[in-house]
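S.K.: Numbering (this note's numbering), first residue to last: 124 to 457. I'd like to ask some things about the structure below.
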């Protein structure tokens, strides 16, 4: 029997609505503020932490593209993040190509992998979709663990270079600014997808797939396209993560990595897009601070925060703030 239960529409849609309804100067001011923070970040934080924030921001946005705008909860997105990391590392090590080319190759490889997985997964909805993606991700993890001649197995893939036309990018500070344009392009692509007619159809499918099907939209084809695009964006983040750490381990394919991405999205705000960026900054910075303070049970703290957000702030950080702004502007118009 096929499942017909669809995921509930996320309550954080007001995040995008608040920004969309804001005056033009407000939107440009928010964009300028975001760019200013991005340029300042490695000066205020340890540069390696700033690099991780950028990578996880792309990963979170890719998950939100599925969860928040298509209504598909994926617990297997580590397959695309990790496979891109390995492929990027292999291309950079053996072909000696500039790291942007290696990252693009890894992202394309992740999109290719997402095609057959998505083709089978989108035929299910709700928890069944989540379990199918998780099962495929564990298969990819097993292959990477057993294919030791290529991936290094438990030893990982080491010595991933950061070559870029002879530039010295060994310092994380300069590497941050080298990858920033790639990250901004990835975020801009996600924004364009969401605000395109294609994105509007995805939202319609999320809210009422039966009605979208009745209107003549090929629901499975739209879901599959969104799945592949999400895999590509996740692959961009995974490839940059591999080059940033100059090492790829099996952890990038573990199911806990997929779970962490979901936590980041929920913390930032489901269906807000930019909430994933904010959630990534909070989680990565918190984990770094706890690790340097000597606290070992990091998962206990992040898990506790996740529970509090789900219980008290169901819209997430970005969604809750955007909802308050929306109410304030509505009250002023009265």
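Even glycine gets a Cβ: it sits at the ideal position worked out from N, Cα and C.
Are the CB atoms of residue 187 and residue 322 nearer to each other than 8 Å?
M.R.: Between residue 187 and residue 322, the CB-CB gap reaches or exceeds 8 Å.
S.K.: Any beta carbon from chain B within less than 8 Å of residue 352's own beta carbon?
M.R.: As a matter of chain content, chain B is missing from the structure shown, which is built from one protein chain.
S.K.: Cutting at 7 Å between CB atoms, please list the residues of its own chain near residue 313, excluding the five before and the five after it.
M.R.: 184, 188, 356 and 396
S.K.: Based on DSSP bridge pairs, tell me the residues matched to residue 370.
M.R.: 281
S.K.: Quick one: Cα of residue 335 to Cα of residue 263, how far?
M.R.: 33 Å
S.K.: Tell me which residues share the same chain as residue 136 and place their Cβ nearer than 7 Å to its Cβ, disregarding the 5 neighbours each side in the sequence.
M.R.: Only weak support exists for where residue 136 lies, its pLDDT of 48 falling under 50; the value from the coordinates is given anyway. Closer than 7 Å at Cβ, skipping near neighbours: 394.
S.K.: Can you tell me which of 380, 376 and 406 puts its alpha carbon nearest to the alpha carbon of residue 279?
M.R.: 376
S.K.: Can you check whether the CB of residue 373 is closer than 8 Å to the CB of residue 277?
M.R.: Taking C-beta atoms as the reference points, residue 277 and residue 373 count as a pair closer than 8 Å.
S.K.: Out of 298, 173 and 346, which has the shortest C-alpha to C-alpha gap to residue 406?
M.R.: 173
S.K.: Less than 8 Å between the C-beta atoms of residue 296 and residue 324, yes or no?
M.R.: no
S.K.: What are the start and end residues of the alpha helix (DSSP H) that includes residue 196?
M.R.: Looking at the DSSP string, residue 196 is not in any alpha helix (DSSP H), and its letter there is neither H nor E.
S.K.: Spatial neighbours of residue 238 within its chain, please: CB distance less than 6 Å, with the 5 preceding and 5 following residues excluded, ordered by chain position.
M.R.: Take residue 238, set aside five residues on each side of it, and the residues of its chain with a beta-carbon closer than 6 Å to its own are 351, in chain order.
S.K.: Please classify residue 155 as buried or exposed, where buried requires at least 16 neighbouring CB atoms within 10 angstroms.
M.R.: With fewer than 16 other Cβ atoms within 10 Å, it is exposed.
S.K.: Nearest-angstrom Cα distance between residue 381 and residue 427?
M.R.: Using only the alpha carbons, I get a separation of about 18 Å.
S.K.: Hey, how far is the Cα of residue 249 from the Cα of residue 271?
M.R.: 35 Å
S.K.: In chain order, what are the residue ranges of uninterrupted alpha helix (DSSP H) at least 4 long that sit wholly in the segment 310-391?
M.R.: 320-330, 332-337, 342-368 and 378-391
S.K.: Just reading off the alpha helix (DSSP H) that residue 247 is part of, what are its end residues?
M.R.: It is not in any alpha helix (DSSP H) - residue 247 carries neither H nor E in the DSSP assignment.
S.K.: According to the neighbour-count rule (16 or more other Cβ atoms, all chains shown, within 10 Å of its Cβ), is residue 315 buried or exposed?
M.R.: exposed
S.K.: If we ignore side chains and look at the alpha-carbon of each, how far apart do residue 385 and residue 361 end up?
M.R.: 15 Å
S.K.: Closest to residue 165 by C-alpha separation, out of 441, 392 and 301, would be which residue?
M.R.: 301
S.K.: Between which two residues does the alpha helix (DSSP H) holding residue 182 run?
M.R.: 170-190
S.K.: DSSP on residue 267, reduced to helix/strand/coil?
M.R.: helix
S.K.: Helix, strand or coil for residue 222? Go by DSSP, reduced to three states.
M.R.: helix
S.K.: Check whether the Cβ atoms of residue 421 and residue 413 sit closer than 8 Å, and answer yes or no.
M.R.: yes
S.K.: Around the Cβ of residue 274, are there at least 16 other Cβ atoms within 10 angstroms (buried) or fewer (exposed)?
M.R.: buried
S.K.: Sort 151, 169, 152 and 158 by Cα distance to residue 410 and report the nearest one.
M.R.: Out of 151, 169, 152 and 158, 169 has the C-alpha closest to the C-alpha of residue 410.
S.K.: Check for me: the alpha helix (DSSP H) holding residue 435 runs from which residue to which?
M.R.: Residue 435 -> alpha helix (DSSP H) spans 421-435.
S.K.: Within 10 Å of its beta-carbon, does residue 433 have 16 or more other beta-carbons around it, so buried, or fewer, so exposed?
M.R.: In summary, residue 433 is exposed, with fewer than 16 beta-carbon neighbours lying within 10 Å of its beta-carbon over all protein chains present.
S.K.: Whole-angstrom Cβ separation of residue 236 and residue 206, contact assumed at under 8 Å?
M.R.: 5 Å
S.K.: Let's test the definition: count the other Cβ atoms within 10 Å of the Cβ of residue 353 and tell me whether it reaches 16, buried, or not, exposed.
M.R.: buried
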